[in-house]
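K.L.:
Once you know that position 54 of the sequence shown is 147 in the numbering used here, the rest is easy, because the numbers rise by one and skip nothing.
Glycine included, each C-beta is placed from N, C-alpha and C at the ideal position.
For clarity, every value in this text was computed on a predicted model and none was experimentally measured.
Pasting a structure below so you can have a look.
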Amino acid sequence: MRLVILGPPGAGKGTQAASIVEEFDVKHISTGDIFRENIKNETELGTKAKSYMDQGLLVPDELVNEIVVDRIAKDDVKNGFLLDGFPRTVNQAVALDAALENMETKLDRVINIIVDSELLIERACGRRVCPECGATYHISNNPPASPGICDEDGATLIQREDDVEETVKTRIQVYEDQTSPLVDYYKAQGLLLDIDGGKEIAAVWEDIKAGLKQGANE
Ligand code: ADP
Ligand code: ADP
């Protein structure tokens, strides 16, 4: 299956992605993770992306499109992929469609996670991540067994630099302005699977699983 997961910052895309990739045996491709890895390794791409990310703004399309187009052409995604955090603009969606067409394939479904803005701020600001394995927690909604310590590998959890209230608010606004038009873009293609992301993590997962097994809810 070739999937996109769409939703504002803090909606629960990464959290649900972990379950989706396991159940449906597809590769998780997160452009945010790719940029954070590049920042950690101090690459040229990382340096360019960081200034935008720190402000909560989108990295320019030309820096993102090529990375994703190359990534989805790799052998290890033959069985399918889940794009998380891409596309974020109509330009990116058009580039993705063109790349898939070149590969004589197309998207199967776009999962659209819908969550109120107030919940998003609470979720993003309470998010803690493992710098080693990327596991995501929430200080109250989804805490690790020992506070501040990753359940998987015992590393000390960190807060992303862009998960502070002012930057989260900017990111939500950027989503409304530049990414939300993709909802109509994919609805018009009959691909959209709307999901109520305001429920608990396990309930959201049940809805996504049922939706993907049944077909789009148009
Ligand atoms: P995104 O990838 O969309 O930015 P995440 O999956 O990282 O979002 O989730 C943001 C934060 O909200 C994390 O701290 C996560 O543990 C928490 N979270 C995710 N889904 C839910 C949910 N359904 N209910 C409550 N908290 C959630
Ligand atoms: P979240 O899951 O909270 O929405 P991400 O990890 O997907 O956040 O993205 C973090 C930041 O990385 C974004 O605010 C943006 O600066 C940059 N970024 C990630 N993906 C893209 C993309 N497809 N286009 C432009 N910028 C991106």
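Counting along the chain, where does the alpha helix (DSSP H) carrying Val279 start and finish?
P.N.:
For the sequence presented, residue 279 should be read as Tyr rather than Val. Tyr279 -> alpha helix (DSSP H) spans Pro274 to Ala281.
K.L.:
Go to Val314, then tell me how far its alpha helix (DSSP H) extends in each direction, as first and last residue.
P.N.:
This structure does not reach residue 314, given that the chain is present from 94 up to 311, and the question cannot be answered.
K.L.:
Of the choices Asp256, Ile232 and Ala188, whose alpha-carbon is the least far from that of Met196?
P.N.:
Ala188
K.L.:
Checking the sheet assignment: what are the DSSP bridge partners for Asn235?
P.N.:
His231
K.L.:
Run the proximity test for Gln185: is its beta-carbon closer than 7 Å to any non-hydrogen atom belonging to ligand 2?
P.N.:
yes
K.L.:
Under 8 Å, do Thr229 and Thr108 count as touching if we go by C-beta distance?
P.N.:
With a cutoff of 8 Å on beta-carbon distance, Thr229 and Thr108 are scored as near each other.
K.L.:
Leu96 and Val119 - do their beta-carbons sit closer together than 8 Å?
P.N.:
Yes; because the gap between Cβ atoms is below 8 Å, this pair is in contact.
K.L.:
Give the secondary structure of Lys141 by DSSP, where H, G and I count as helix, E and B as strand, and everything else as coil.
P.N.:
helix
K.L.:
Please report the residue range of the beta strand (DSSP E) in which Ala205 lies.
P.N.:
The displayed chain sequence assigns Asn, not Ala, to residue 205. Start and end: Arg202 to Ile207.
K.L.:
Buried or exposed, going by whether 16 or more other CB atoms sit within 10 Å of the CB of Val161?
P.N.:
buried
K.L.:
If I'm right that Leu99 touches Ile165 with Cβ under 8 Å, what's the distance once you round it to whole angstroms?
P.N.:
Going by Cβ atoms, the distance from Leu99 to Ile165 rounds to 17 Å, so no, they are not a contact pair.
K.L.:
Out of curiosity, what's the CA-to-CA distance linking Ile113 and Lys141?
P.N.:
31 Å
K.L.:
Given that a residue counts as buried once 16 or more other Cβ atoms are within 10 Å of its Cβ, and exposed if not, what is Ser233?
P.N.:
exposed
K.L.:
Assign Pro251 to buried or exposed, taking buried as 16 or more other Cβ atoms, counted over all protein chains shown, within 10 Å of its Cβ.
P.N.:
The sequence shown places Ile at residue 251, not Pro. Exposed, by the Cβ-count rule.
K.L.:
Fully enclosed by the stretch 233-269, which alpha helix (DSSP H) runs are 4 residues long or longer?
P.N.:
258-267
K.L.:
Would you identify the three-state DSSP class for Lys199, choosing helix, strand or coil?
P.N.:
coil
K.L.:
Return helix, strand or coil for Phe174, following the three-state DSSP convention.
P.N.:
strand
K.L.:
Assuming Gly290 and Val203 form a contact by the criterion Cβ under 8 Å, report the distance between their Cβ atoms to the nearest whole angstrom.
P.N.:
Gly290 to Val203, Cβ: 14 Å. No contact.
K.L.:
Closer than 7 Å to a non-hydrogen atom of ligand 2 - does that hold for the CB of Phe128?
P.N.:
yes
K.L.:
Any heavy atom of ligand 2 closer than 7 Å to the Cβ of Leu151?
P.N.:
Result yes, Cβ under 7 Å from ligand 2.
K.L.:
For Phe174, which of Ala191, Asp201 and Asp190 has the nearest alpha-carbon?
P.N.:
If we check each option's Cα against that of Phe174, Asp201 comes out closest.
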